[in-house]
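If you count the sequence shown from 1, you need to add 232 to reach this note's numbering.
Quick reminder that beta carbons are idealized off the backbone N, C-alpha and C, glycines included.
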Amino acid sequence: MVKTIIVATILFSSPVFAFETGRDEGMDLFYKALENVKQYHLEQTMTQPEDALDKALDDFWNTHEQ
Numbered sequence: 233m234v235k236t237i238i239v240a241t242i243l244f245s246s247p248v249f250a251f252e253t254g255r256d257e258g259m260d261l262f263y264k265a266l267e268n269v270k271q272y273h274l275e276q277t278m279t280q281p282e283d284a285l286d287k288a289l290d291d292f293w294n295t296h297e298q
């Protein structure tokens, strides 16, 4: 819940700041925040390589042992 509020605040306040001041710094901040959110989401949802390999090997051996 707190992460959602922080992300929403960053996403909606940065573009407004950029348009009000007429500077590119606000948009740069917005794009950096957006990239950070994308990277965080990627890290949270990715499968660990060793987990994927272990599962694939287990599936292989279980299929061929029967």
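For M259, the enclosing alpha helix (DSSP H) starts and ends at E257 to T277. Between M259 and A284, the alpha-carbon positions lie close to 38 Å from each other. A direct Cα-Cα distance of roughly 15 Å separates L266 from D256. Our two residues, Y263 and V269, have alpha carbons roughly 10 Å apart in a direct line.
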